[in-house]
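Quick note: the sequence shown, position 34, residue 34 per full-length UniProt numbering, numbers continuous.
Ideal placement from N, C-alpha and C gives every residue a C-beta, glycine not left out.
Notes to accompany the following structure.
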Amino acid sequence: MKTILAPLALAGLLALPQPASAASSLWTGAVLAEACADGELYYLFGQCMGFLAGVHDQYRANFGETALICLPEDSTPEALREPLLTYLDANPGEVELPAHALTVRALIAAFPCG
């Protein structure tokens, strides 16, 4: 029963707006958008790719078969960047929320399961 309730509880928490503070997240959506903006600043772009891959992989590890994000088999971290930036552009009021929560929201919208 715990294995079913834990993912549901976490999904509910991710759906709630959360204040961006040092305690809740190191990056906000605005910081992530800047890092993911283009490939000119390769060190920031690398941080963007690593962040997106890490959030996705941790989400999948936590939720397993109940995950709401289903990437195509041949996906790369670069495939996650454009949906994130599109989500942030469409939701400017959320850019000060924690970057990890916004990444999950963006990926659920872009790569739903089923």
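What did DSSP end up calling residue i once you bin it into helix, strand or coil?
i	result
P112	strand
P7	Any reading at P7 needs caution, since the residue's pLDDT is 49, under 50, leaving its predicted position unreliable; the model's value is listed next. Looking at P7 - three-state DSSP - the assignment turns out to be helix.
A22	Here A22 scores only 40 on pLDDT, less than 50, and its place in the model should not be relied on; the value that follows carries that caveat. If DSSP states are grouped into helix, strand and coil, A22 belongs with coil.
DSSP puts residue i in a beta bridge; with which residues?
i	result
T28	P98
Roughly how many whole angstroms lie between the Cα atoms of residue i and residue j?
i	j	result
L44	P112	28 Å
L80	L52	7 Å
E96	G46	21 Å
L107	E73	15 Å
L84	E65	23 Å
D38	G114	31 Å
F63	H56	11 Å
A101	I69	13 Å
L41	D89	21 Å
C36	A67	24 Å
G54	S75	14 Å
G93	G29	10 Å
Smallest Cα separation from residue i: which of the options?
i	options	result
Y59	T103, L26 and C48	T103
residue 140	A109, A61 and A99	Absent from the model: residue 140. The displayed extent of the chain is 1 to 114, so no value can be given.
Tell me, please, whether the CB atom of residue i is closer than 8 Å to any CB atom in chain B?
i	result
T66	Chain labels in this structure do not include chain B; a single protein chain is all it has.
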